[in-house]
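S.K.:
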Amino acid sequence: MSKFSTRDSVDIEDVRRAFSRIKTYVKETPLYKADWLKTYLGLEDDVFLKLENLQITGSFKPRGAVNSLLNLSDESLNQGVVARSSGNFAQAVAYAATELGINATLVMPTSAPSIKVEKTKSFGADIVLYGTTHKESSDKVEMLVKEHGYTPLHSFDSLDVIAGQGTVALEIVEKMPLIGTLICPVGGGGLLAGCSLVAKNHSRDIDVIAAEPSRANDFYLSFHSESKQQITSPKSIADGLLANSVGHKNWDVLSENVDSVGLVSENEILEAMTLFYDHMNGMLIEPSGAVSIALLISRKSLLRKKGPIVCVVSGGNVDIDAFPQVFGGKNGSTL
């Protein structure tokens, strides 16, 4: 049981406590000034990339996973934990559980990218490949909870996760107090909820823009209808953003703090991945991590505020052989 169990909201102090709690387990990732992107787009304002692809496990997810585990009671930890994930949260929980000496079981869809399955296995967690949809995987989690008494963790619909993921933006505003626009991917909404909360607490003048694949557009529909919507079959190469809807715990935070939502096509995601790879010394990002850049490239009209633009690059766990049009089968490197 989490300390949030009797609460239904998260605030900036929760994020600050999460930062203090997790800082020995995660990296402070670079805030990279992308002059190449500013020049490419002909922008007056500087562009910065928050490189969470360089985070431990290759995505932002350990922030929320570590915070969730450290916030559980001893009884819950002793029971072991279980979670469903297409890959990045699975890796994060596996990493965190190993660091903390906790037994973890991860339910991953049979369609999960092989690189994410193998990396999750490398951390020593038990892997269950099951189903192809969120509902099938979630049903399997419920079965394992009933059978073994595991404590379930949710990859985004969790106040502990929101607080942990919000530390991404906390690092941004501490390094760069004056920001005009923050562009962040949205799937289930944990990252966007946490980052938008921090951004608006820092300054209500920061324009928070959500970036979402057009074929997985539940938050776009929710935002414009002002009520949480669900779609039945989200499909995108951005496999980390395929939630049917944003979480219940995320919705109120997102409704209050997100200013606009932009959609990107599959080809626009591929274009962003290619440009990033070509201009960043062969650094790899996955499709989900590229959507914020894709939105900046393809929807400049959404920019309404003067001042530096920050794109959250959420992850880099990608099978390069699956995208020969981007990587050409080459091995990536880092800066």
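Residues in the sequence shown are numbered from 297 upward in steps of one, following our numbering.
All residues carry an ideal CB built from backbone N, CA and C; glycine is no exception.
1) Under a Cβ-count criterion, where at least 16 other Cβ atoms within 10 Å of its own Cβ denotes burial, should L239 be classed as buried or exposed?
2) Between which two residues does the alpha helix (DSSP H) harbouring S634 extend?
3) Can you tell me where the alpha helix (DSSP H) with D503 in it begins and where it stops?
4) Which runs of the alpha helix (DSSP H) fall wholly inside the segment 303-345 and span at least 4 residues, in chain order?
5) If you reduce the DSSP assignment to three classes, tell me which class P358 lands in.
6) How many angstroms separate the CA atom of E564 from the CA atom of I616?
7) Between K357 and S597, what straight-line distance do the alpha-carbon atoms span, to the nearest angstrom?
8) Give the straight-line distance between the Cα atoms of I479 and K319, rounded to the nearest whole angstrom.
9) Counting only the same chain and skipping the five closest in sequence on each side, list residues whose C-beta sits under 8 Å from that of Y573.
10) Report the rounded CA-to-CA distance for G338 versus I593, giving the unit in angstroms.
11) Can you grab the Cα-Cα spacing for the pair G585 / L487, in whole Å?
12) Just how far apart, CA to CA, sit N367 and D456?
13) Assess, as a yes-or-no matter, whether the segment 555-562 is touched by the segment 498-516 under the definition of 3 or more beta carbon pairs within less than 8 Å.
14) For A512, which of V441, I411, I468 and G484 has the nearest alpha-carbon?
15) Grab the span of the alpha helix (DSSP H) containing G490 for me, first residue to last.
16) In the DSSP output, what is I411 paired with across the bridge?
17) For the alpha helix (DSSP H) containing D422, list its first residue and its last residue.
18) Under 6 Å Cβ to Cβ from V482, same chain only, skipping five residues before and after it: list those, please.
19) In angstroms with no decimal places, state the Cα-to-Cα distance between A330 and R595.
20) L550: which of I458, T463 and H444 sits nearest, CA to CA?
21) Tell whether a beta-carbon distance below 8 Å holds between V494 and G462.
22) Mind checking who I479 pairs with in its DSSP beta bridge?
23) If we ignore side chains and look at the alpha-carbon of each, how far apart do I398 and A421 end up?
24) Excluding five sequence neighbours on each side, which residues of the same chain lie with their C-beta closer than 6 Å to the C-beta of Y328?
25) Go through its chain and collect everything with a Cβ distance to A388's Cβ below 6 Å, but skip five positions before and after it.
26) Nearest CA to the CA of N384: which residue from H450, T570, E395 and G427?
27) By the DSSP assignment, the alpha helix (DSSP H) with S433 in it spans what residues?
28) Residues bridged to T401 by DSSP?
29) Can you grab the Cα-Cα spacing for the pair D341 / T428, in whole Å?
M.R.: Taking the definition as stated:
1) The question about residue 239 has no answer here: the residues shown for the chain are numbered 297 through 631.
2) No information on residue 634 is available, as it lies outside the stretch 297 to 631 that the chain covers here.
3) Here D503 belongs to no alpha helix (DSSP H); instead the beta strand (DSSP E) covers D503 to P509.
4) At a cut-off of 4 residues, the continuous stretches assigned as alpha helix (DSSP H) that sit fully inside the segment 303-345 are 308-318 and 331-337.
5) In the three-state scheme derived from DSSP, where H, G and I count as helix and E and B as strand, P358 is classed as helix.
6) When only Cα atoms are considered, E564 and I616 end up about 18 Å apart.
7) Per the coordinates, the alpha-carbon of K357 lies some 30 Å from the alpha-carbon of S597.
8) Taking the straight line joining both Cα atoms gives about 24 Å.
9) Annotation for Y573: M579, L580, I581, V622, F623 and G628 place their beta carbon closer than 8 Å to its own, counting only its chain and skipping 5 residues before and after.
10) The straight-line gap from Cα to Cα measures roughly 10 Å.
11) Whole-angstrom Cα-Cα distance: 12 Å.
12) Their backbone Cα atoms lie some 7 Å apart in a straight line.
13) As far as the Cβ criterion goes, the segment 498-516 touches the segment 555-562, which means the pair count is three or higher.
14) Here the closest residue by C-alpha is G484.
15) It spans G486 to H498 - the alpha helix (DSSP H) in which G490 sits, taken as one unbroken run.
16) According to DSSP, which records beta bridges pairwise, I411 is partnered with nothing at all.
17) Here D422 belongs to no alpha helix (DSSP H); instead the beta strand (DSSP E) covers D422 to L425.
18) Closer than 6 Å at Cβ, skipping near neighbours: L488, A506, E508 and F515.
19) Taking the straight line from one Cα to the other gives about 18 Å.
20) Answer by Cα proximity: I458.
21) Taking 8 Å as the Cβ cut-off, V494 and G462 qualify as a contacting pair.
22) In the DSSP output, where bridge partners are listed per residue, I479 has I505 and C607.
23) Each residue's Cα considered, the two are about 9 Å apart.
24) L345 and L347.
25) Same-chain partners within the cutoff: T353, K357, P358 and A361.
26) Selected option, being the one with the closest Cα: H450.
27) It spans H430 to H444 - the alpha helix (DSSP H) in which S433 sits, taken as one unbroken run.
28) Answer is V378 and D422, bridged to T401.
29) D341 and T428 have their C-alpha atoms roughly 42 Å apart.
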